[in-house]
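Going by this note's numbering, the letters in the sequence shown line up with residues 19 to 1037, in that order. Before any comments, here is the structure.
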Amino acid sequence: MRLHRLDITAFGPFGATQEIDFDALSAAGLFLLHGPTGAGKTSVLDAVCYALYGAVPGARQSPGTSLRSDHAPVDLPTEVRLELTVGGRRLEITRRPAQPRPKKRGGGHTTEKAQSLLRVYDAEQGWQAQSRSHQEIGEEITQLIGMSREQFCQVVLLPQGDFARFLRADAEARGKLLGRLFDTRRFAAVEERLAELRRIAENQVRAGDDQVLALAQRIAQAAGPAGAEYPMPQVQPGEPGLADAVLEWAATARSSARERLDIATQALSAAESRHVAARSALDSERELAALQQRYAETRRRAAASEAGRSGHDEDQDQLRRARRADRVAPALELRDEAERAYRRASAARDRSRSRLPDTLADAGAEQLTALERGLREELGGLDAARRAERRSADIDSERTALERQARADDELIRDAEGWLAGWEDTRTGLLARIEAAQEAATRAEALAGRLDPARRRLDAARRRDALAAEAAGADDRLGEAREHALGTRQHWLDVRERRLRDIAAELARGLVEGEACAVCGSADHPRPARAGDGHVDQATEDAAEAAHRRAEIARTEAEHALGSVRERYAAARAEAVETADTAADADADAGGAVDPSVATLAALVDTLTREHAQAYRTAAGTHTAREALTAAEREQAQRAEDRQQAERRVSARTSRREGLDVEQASLEEVLVQARGGSGSVTEHAALLQNRVVLLAEAATTVREEESAAARLKEADDRLADAAFRAGFDTPQAAADTLLGDLGQRALQHRIDAWQAEAAAVADRLAETGARAAADRAPAAPDAAQQVHDGAERLLRDASAALASARERCAELGRLSRRAAEEVRGLGPVREEHERVARLAGLTAGTSADNERKMRLESYVLAARLEQVAAAATARLRRMSSGRYELVHSDARAGGRRSGLGLHVIDAWTGRERDTATLSGGETFFASLALALGLADVVTDEAGGVRLDTLFIDEGFGSLDEQTLDEVLDVLDSLRERDRSVGIVSHVGDLRRRIPAQLEVVKERDGSAVRHRVSDGISD
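Printed below as a string of structure tokens:
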């Protein structure tokens, strides 16, 4: 992984955008990151971590803290952009944290969500967006780097203070740090899983024992009295021997229950015998009581039947008389119907005669019929008069219609004459409209030809003004690029000259004692040249030359850009001053001057646009005007024709009106005679028709009344004869004796009921058994019932005791079998618990088999720590001139568990001692060696991902000059694998030793970064 570029905006102490070129800093292999306390050195590393993982290291990401700079303006968003190469791919990561921003509408602020963008560089297509998802980007980066955020912060951003504490820490603290770096959570998870399985197995054993004890409780409840005789064993879940004790106690309870079952069986047999005898005695007493009661009831019914004999005889006599009266009932009904018919006929005759004249009140049917016939003959003679009356009404309607048509024709003639009088003026106006529309069409076509060139000139003038401003800006940028190119060239020459001055010192650094000098060939080097202050190396000179080349390229690009803008400006200016050959003189006066202004050309375009629109609207009315003229001509011809037709209809109506007058006069003579005293023939006919109806109705009712009287007299005669034959003195006596079907059925029911009761009483009095029972002493069924109830209670108690004993035996057998099954099923669970408990104790370090009391995770971490110590020793020997090396120790200290001890071997004394005995400087380079070794091991653990950029934080102030040189040599050796190392330090001597520097400057409006290469400074 190699960092190329970092852009920081409004992040931490940086109020504005800061750009950091890691490629330039990494060219020398070793660069220094320095600045005053609180300036923001650590914030640069935080920005790298935030760009990669979306979070900053450690407590700086705690809740409530904000990544946004307090120095940043409100409209500048916080953003971090990192360009790097990892896994052979060049990536650009841009992240914005959640941050407040001003609302677009109204006042106040709103919180903008966090944003992320991942882009990948393609050699052919350039930068290509790949994802905007926080989760996808995090997974992609973690997979490419192969490290979590915690591992990255420990491996790439080497915090020396943490590793100094790591040296002096106890095994537990070392275990926490190593566990985060090497992700040994899976081994801790194995420990936790085994502990959990032990708890689960233990709980299963306890649950099984609880189940066995619960069954024992149920056995005690089912045993009843036997359970009280033999108490349940007092054992707790998990205790050995619990199962055997419960099973033995259950067998004893079953034996006692079977003995009680035999006793209950014998008691039930005796109770059944007593119950049978009591039941037989109760049945005998009940039978005697029933016979005695039946005989007493029969005697009461016989007395009641004898008392109702007189009523029975009267019912029989009434039923015989009612059946004789039934023979007279048809005659009575016939006479009643005849009387009702006579009354209806008499009422109808009286109503019809009341509507006749008084002279006809006593007229007979024949006289009324003769009058009706005469009126019908007179009514038939009025048909011709009615036809003449209808013709006279039709003539009146026709004359009214002729009058209405005459008025309409008069109105039409007046309207046509008025319209035709103004026809010439209308025609002249329409012809003028057509001519004006044709002229407007010609003018619109001419204006359209002038409008397009004017618009093109206006667009060219606008481009001309915009390009003039762009040319001025390009000219300024060209001037700046030229000045920058001259400055970088001078800087490069100065750097080259300074390097040439100190080239002897640079060559002297390559001298090795005993080897020939590349310049003089001597193997002795008595006074090798030393670099003075401000020494410049090859990397610095190359960087200055590269900067000069980039400036020259930028100058050339600026010159090309200015030339392109000026060419486009000249073309636009020429197009703006052109005047078309077909343009009018007015257009040339308004916009044909040299370099016409945009306002002048815009005014000309607006004027032409308005005139063209007006002419186009007028020309669009040509078709409408022609259609109006055609319609007016058609209307003139139609109105002239309508006037002639109306004049012809006036003459025809005059002749028709005279013929109607003659016909109506002749009809009026006939109608006067036919009306009589009525207003019309129709009224006279209606009067005659009403008289005919009244006479016909009166004649009919008179005849019906006479017929109904004859039928009534005949019905009276038949009724008297029927009553005499039925044995009644008068018809009224027969009518009084009549009973309906319901009354006769009621009498017959009472008669039948008395006879049935009498027969039943006679039969029951003849029974010998009931009479013999009545002669005996009164029965006592209640006493027999009490004896029977007592015997039945004893039987139920005995039966319940037997059922309970049987159920208790069955339940005890079932529960005992379940208890035995539970004990058998619990055997494998106990074996599993013993096996898991043994493994859990071994991995947790609590088992006697684990002699060093070392946990599984500690065992794995001890192996990792041994690798780290070996990798750190390779560098520690160089830093300490071969004196020290780090070794891993698994010895126990102070009764604690072993496995993560770390000691240092002093070659001068040959003894192994604790790392806490190292001095401050020794602690620093030991922790640095440990950090570098840990970085190598973690890198290999992460899949061998190459880490080309490392940062080391503080601790160099504790070293003397010689040790500092040795440490820097070790760091400088990292370049052998094309690594670049950034040192974060306040030590002033490092600024002289390390020419490539990134300085963080603290200012009032926020911190800023400066790149320093030898004597050159770039912001």
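Here a beta-carbon is modelled for each residue, glycine too, at the ideal position from N, C-alpha and C. From a predicted model like this one, the values you see are computed outputs, not experimental measurements.
- Task: Determine the extent of the alpha helix (DSSP H) in which Val905 is found, giving its start and end residues.
- Result: Counting from one through the sequence shown, the residue named residue 905 turns up at place 887. Not the alpha helix (DSSP H): Val905 falls in the beta strand (DSSP E), residues 902-907.
- Give the single residue among Gly72, Leu63, Arg99, Asp64 whose Cα lies nearest to the Cα of Glu37. Here residue 37 refers to the residue found at position 19 when the sequence shown is read from its first residue. Closest by alpha carbon: Arg99.
- Message: Taking 8 Å as the cut-off, does the stretch 709-726 touch the stretch 359-368 (at least 3 CB pairs, one atom from each stretch)?
- Response: Flag = yes, the stretch 359-368 and the stretch 709-726 touch.
- Query: Straight-line CA distance for Leu430 to Glu665?
  - Reply: Against the sequence shown, residue 430 aligns to sequence position 412. Against the sequence shown, residue 665 aligns to sequence position 647. Roughly 10 Å between the two C-alpha positions.
- Query: In this structure, what does DSSP give as the bridge partners for Asp39?
  - Reply: The residue labelled residue 39 in the question sits at position 21 within the sequence shown. Answer is Arg23.
- Query: Does DSSP classify His127 as helix, strand or coil?
  - Reply: Along the sequence shown, read from residue 1 onward, the residue named residue 127 stands at position 109. His127: strand per DSSP, three-state reduction.
- Message: Please report the straight-line C-alpha distance between Arg474 and Ala621, rounded to a whole angstrom.
- Response: Residue 474 sits at position 456 when you count from the first residue of the sequence shown. Residue 621 sits at position 603 when you count from the first residue of the sequence shown. Roughly 14 Å separates the two Cα atoms.
- Task: Quickly, what does DSSP pair Arg113 with across the bridge? List them, please.
- Result: By one-based count along the sequence shown, residue 113 stands at place 95. Paired residue(s): Val98, Ser134.
- Mark Leu449 as exposed unless 16 or more other C-beta atoms lie within 10 angstroms of its C-beta, in which case mark it buried. Here residue 449 refers to the residue found at position 431 when the sequence shown is read from its first residue. Burial call: exposed.
- Query: So, is Glu442 buried or exposed, given that buried needs 16 or more other C-beta atoms within 10 angstroms?
  - Reply: Indexing the sequence shown from 1 puts residue 442 at position 424. Exposed is the call here.
- Message: I'd like to know whether the C-beta atoms of Arg856 and Ser865 end up nearer to each other than 8 Å.
- Response: Walking along the sequence shown from the start, residue 856 turns up at place 838. Walking along the sequence shown from the start, residue 865 turns up at place 847. Contact: yes.
- Check the C-beta distance from Pro799 over to Arg304 and give it rounded, since I have them as a contact under 8 Å. The residue given as residue 799 occupies position 781 in the sequence shown. The residue given as residue 304 occupies position 286 in the sequence shown. Indeed, because the Cβ distance is near 5 Å, the residues count as touching under 8 Å.
- Query: If we ignore side chains and look at the alpha-carbon of each, how far apart do Arg568 and Asp41 end up?
  - Reply: Numbered from 1 along the sequence shown, position 550 holds the residue referred to as residue 568. Numbered from 1 along the sequence shown, position 23 holds the residue referred to as residue 41. Whole-angstrom Cα-Cα distance: 14 Å.
- Item | Simplified DSSP assignment, three categories, for Ile1035 | Stepping through the sequence shown from its first residue, residue 1035 is reached at position 1017. A caution first: Ile1035 carries a pLDDT of 49, below 50, which makes its placement in the model unreliable, though a value can still be read off. Ile1035: strand per DSSP, three-state reduction.
- Answer yes if the stretch 703-715 comes into contact with the stretch 336-348, meaning at least three C-beta pairs across the two stretches below 8 Å, and no otherwise. no
- Check the C-beta distance from Arg86 over to Ala28 and give it rounded, since I have them as a contact under 8 Å. Against the sequence shown, residue 86 aligns to sequence position 68. Against the sequence shown, residue 28 aligns to sequence position 10. Contact flag correct, Cβ pair sits at about 6 Å.
- Query: Mind pulling the alpha helix (DSSP H) runs of 4 or more residues that sit fully within the stretch 389-456?
  - Reply: The stretch 389-456 contains these whole alpha helix (DSSP H) runs: 401-439.
- Excluding the 5 residues preceding and the 5 following Ala838 in the sequence, name in chain order all residues of the same chain whose CB lies nearer than 7 Å to its CB. Translated into the one-based positions of the sequence shown, residue 838 becomes position 820. Excluding positions up to five away in sequence, the list reads Leu265.
- Task: Quick one: residues in its chain with C-beta nearer than 8 Å to the C-beta of Ala925, no 5 flanking neighbours on either side, listed in chain order?
- Result: Residue 925 sits at position 907 when you count from the first residue of the sequence shown. In chain order, Gly900, Arg901, Tyr902, Glu903 place their CB closer than 8 Å to the CB of Ala925, counting only its own chain and leaving out the 5 sequence neighbours on each side.
- Query: Would you report the Cα separation of Ala240 and Arg832, rounded to the nearest angstrom?
  - Reply: Along the sequence shown, one-based indexing puts residue 240 at 222. Along the sequence shown, one-based indexing puts residue 832 at 814. Each residue's Cα considered, the two are about 11 Å apart.
- How far does the beta strand (DSSP E) with Gly5 in it reach, from first residue to last? Because the chain is modelled from 19 through 1037, residue 5 falls outside the range shown and cannot be assessed.
- Query: Can you give the beta carbon distance from Ala299 to Val805, rounded, assuming they're within the 8 Å contact cut?
  - Reply: Along the sequence shown, one-based indexing puts residue 299 at 281. Along the sequence shown, one-based indexing puts residue 805 at 787. Yes, Ala299 and Val805 are in contact; Cβ-Cβ is about 7 Å, under 8 Å.
- Span separating the alpha-carbon of Pro120 from that of Lys131: Mapped onto the sequence shown, residue 120 falls at position 102. Mapped onto the sequence shown, residue 131 falls at position 113. Spanning the two alpha carbons is a distance of roughly 13 Å.
- Specify the secondary structure class of Arg873 as computed by DSSP and reduced to three states. Residue numbering aside, residue 873 sits at position 855 when the sequence shown is read from its first letter. If DSSP states are grouped into helix, strand and coil, Arg873 belongs with coil.
- Query: Can you give the Cα-Cα distance for Phe969 and Ile1001, rounded to whole angstroms?
  - Reply: Position 951 of the sequence shown, counted from the start, is the residue given in the question as residue 969. Position 983 of the sequence shown, counted from the start, is the residue given in the question as residue 1001. Those two C-alpha atoms are separated by around 6 Å.
- Task: Express the C-alpha separation of Ala727 and Leu378 in angstroms, rounding to a whole number.
- Result: Locating residue 378 in the sequence shown gives position 360, counting from the first residue. Locating residue 727 in the sequence shown gives position 709, counting from the first residue. Approximately 22 Å between the Cα atoms of the pair.
- Would you give the residue range spanned by the beta strand (DSSP E) that Ile1001 belongs to? As a position in the sequence shown, residue 1001 is number 983, starting the count at 1. Per DSSP, the unbroken beta strand (DSSP E) holding Ile1001 starts and ends at 998-1002.
- Item | Where Asp815 falls, given that 16 or more other Cβ within 10 Å makes a residue buried | To locate residue 815, count along the sequence shown from 1; it is residue 797. So Asp815 ends up on the exposed side.
- Is it right to say Thr933 is buried, meaning 16 or more other beta carbons lie within 10 angstroms of its own, or is it exposed? The count along the sequence shown starts at 1 and reaches residue 933 at position 915. Looking at its Cβ environment, which holds 16 or more other Cβ atoms inside 10 Å, Thr933 is buried.
- In angstroms with no decimal places, state the Cα-to-Cα distance between Leu309 and Ile769. Start at 1 with the first residue of the sequence shown, and residue 309 comes out as number 291. Start at 1 with the first residue of the sequence shown, and residue 769 comes out as number 751. Here the alpha carbon of Leu309 sits roughly 30 Å from the alpha carbon of Ile769.
- With DSSP as the reference, label Phe1 as helix, strand or coil. Residue 1 is absent from the structure shown; the chain starts at 19 and stops at 1037.
- Can you tell me the Cα-Cα spacing of Leu135 and Ser998, whole angstroms? Taking the first residue of the sequence shown as position 1, residue 135 is located at position 117. Taking the first residue of the sequence shown as position 1, residue 998 is located at position 980. Separation of Leu135 and Ser998 (C-alpha to C-alpha, rounded to the nearest whole angstrom) is 27 Å.
- State buried or exposed for Lys122, treating a residue as buried only when at least 16 other CB atoms are found within 10 Å of its CB. Along the sequence shown, read from residue 1 onward, the residue named residue 122 stands at position 104. By the neighbour-count rule (16 or more Cβ atoms within 10 Å), Lys122 is not buried but exposed.
- Compare the beta carbon distance of Gly1024 and His89 with 8 Å and say whether it is the shorter of the two. By 1-based counting over the sequence shown, the position of residue 1024 is 1006. By 1-based counting over the sequence shown, the position of residue 89 is 71. It is a contact, given that the beta carbons lie within the stated cut-off.
- Using the DSSP secondary-structure output, state which residues sit across from Arg931 in a beta bridge. In the sequence shown, residue 931 corresponds to position 913, counting from 1. According to DSSP, which records beta bridges pairwise, Arg931 is partnered with Val922.
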